[in-house]
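Note that full-length UniProt numbering numbers the sequence shown so that position 85 is 85, with each residue one more than the last.
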Amino acid sequence: MNDGCTWYGEDPFYKAYHDEEWGVPEYDSRALYEKLILDGFQAGLSWITILRKRENFKAAFDNFNPEIIAGYGEAKIEALMQDSGIIRNRAKILGTITGAQLFLDIEEKEAGGFSNLLWGYLDGKPLQNSWRSMAEVPAETELSRAISKDLKKRGFKFVGPTIVYAFMQAVGMVNDHIVDCPRHAEVKKLT
Numbered sequence: 001m002n003d004g005c006t007w008y009g010e011d012p013f014y015k016a017y018h019d020e021e022w023g024v025p026e027y028d029s030r031a032l033y034e035k036l037i038l039d040g041f042q043a044g045l046s047w048i049t050i051l052r053k054r055e056n057f058k059a060a061f062d063n064f065n066p067e068i069i070a071g072y073g074e075a076k077i078e079a080l081m082q083d084s085g086i087i088r089n090r091a092k093i094l095g096t097i098t099g100a101q102l103f104l105d106i107e108e109k110e111a112g113g114f115s116n117l118l119w120g121y122l123d124g125k126p127l128q129n130s131w132r133s134m135a136e137v138p139a140e141t142e143l144s145r146a147i148s149k150d151l152k153k154r155g156f157k158f159v160g161p162t163i164v165y166a167f168m169q170a171v172g173m174v175n176d177h178i179v180d181c182p183r184h185a186e187v188k189k190l191t
């Protein structure tokens, strides 16, 4: 695609992510949970680093199964700390375990589960932005700050407002494709 979105550069792997996945509305709780984990591991790093390691993360974290992750003990944590295929950050690993426990609690106790918690901020409909250049796209918004505050209050880690906004972009809660990007109209039609 020849478009106004320039953040993926010349990398064909990154371009495919932009063209096929980024900004597509995701409503499945488990898929949202997976993306939140990956965005948490991105903290302080580039998204392409995480994207290139996504399959390694998937294998290391038992296919992002929250029922399994919630029960990880010290032996599994140490194994993850030795796994060169992922980001070996103890705080992020522990945050993922806590996040799995919190996710399961939300799924069990709240109507509509994790998906409804997140999409409820938007009444289930993505925000359709009309940015004309990458310079206009914010790093965070009032909405990402509100969601971040809610998630932190619940005990989630690595969910600051910038990470939450990147997550919102990735899962299509906001359509931040530049208006000249063909994906802007394509993603808009999905809502």
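Just so you know, even glycine gets a beta-carbon here, dropped at the ideal spot from N, CA and C.
- Each residue's CA atom was taken as its position, placing lysine 152 and glycine 99 some 10 Å apart.
- Selection Phe158, Ala185, Phe13 evaluated against leucine 45 yields Phe158 as nearest (Cα-Cα).
- Membership of isoleucine 87 in any alpha helix (DSSP H) is not indicated, and neither H nor E is assigned to it by DSSP.
- Counting the other CB atoms within 10 Å of its CB gives glutamate 26 a total of 16 or more, which places it among the buried residues.
- Straight across, the Cα-Cα distance linking valine 164 with arginine 145 is about 8 Å.
- If you look at asparagine 129, you'll find it isn't in any alpha helix (DSSP H); DSSP assigns it neither H nor E.
- When rounded, the separation of the alpha-carbon atoms in alanine 166 and isoleucine 68 is 26 Å.
- With distances taken between CA atoms, histidine 184 lies nearest to Glu20 out of Phe13, Gly9, Glu20, Pro12.
- Within the same chain, Ala70 come within 6 Å of glutamine 101 by CB-CB distance, once the 5 residues on both sides are set aside.
- Around the beta-carbon of leucine 190, fewer than 16 other beta-carbon atoms lie within 10 Å, marking it exposed.
- Taking C-alpha positions only, arginine 132 is separated from valine 187 by approximately 16 Å.
- Rounded to whole angstroms, the Cβ separation of phenylalanine 13 and leucine 38 is 15 Å, and the two are not in contact under 8 Å.
- Sixteen is the threshold: when 16 or more other Cβ atoms of the shown chains lie within 10 Å of the Cβ of lysine 53, as they do, the residue is buried.
- The alpha carbon of arginine 154 has as its nearest neighbour, out of Glu110, Trp22, Glu140, the alpha carbon of Glu110.
- Residue pairing of valine 171 in beta bridges, as defined by DSSP: absent, with no partner found.
- In the three-state DSSP reduction, proline 66 falls in the helix class (H, G or I).
- Contact annotation: leucine 104 and proline 66 have beta-carbon atoms nearer than 9 Å.
- Boundaries of the alpha helix (DSSP H) harbouring lysine 153: 142 to 154, taken from the DSSP string.
- Between isoleucine 87 and threonine 141, the CB-CB gap reaches or exceeds 9 Å.
- Closest in C-alpha terms to valine 171, from the list Gly73, Leu127, Asn89, comes Leu127.
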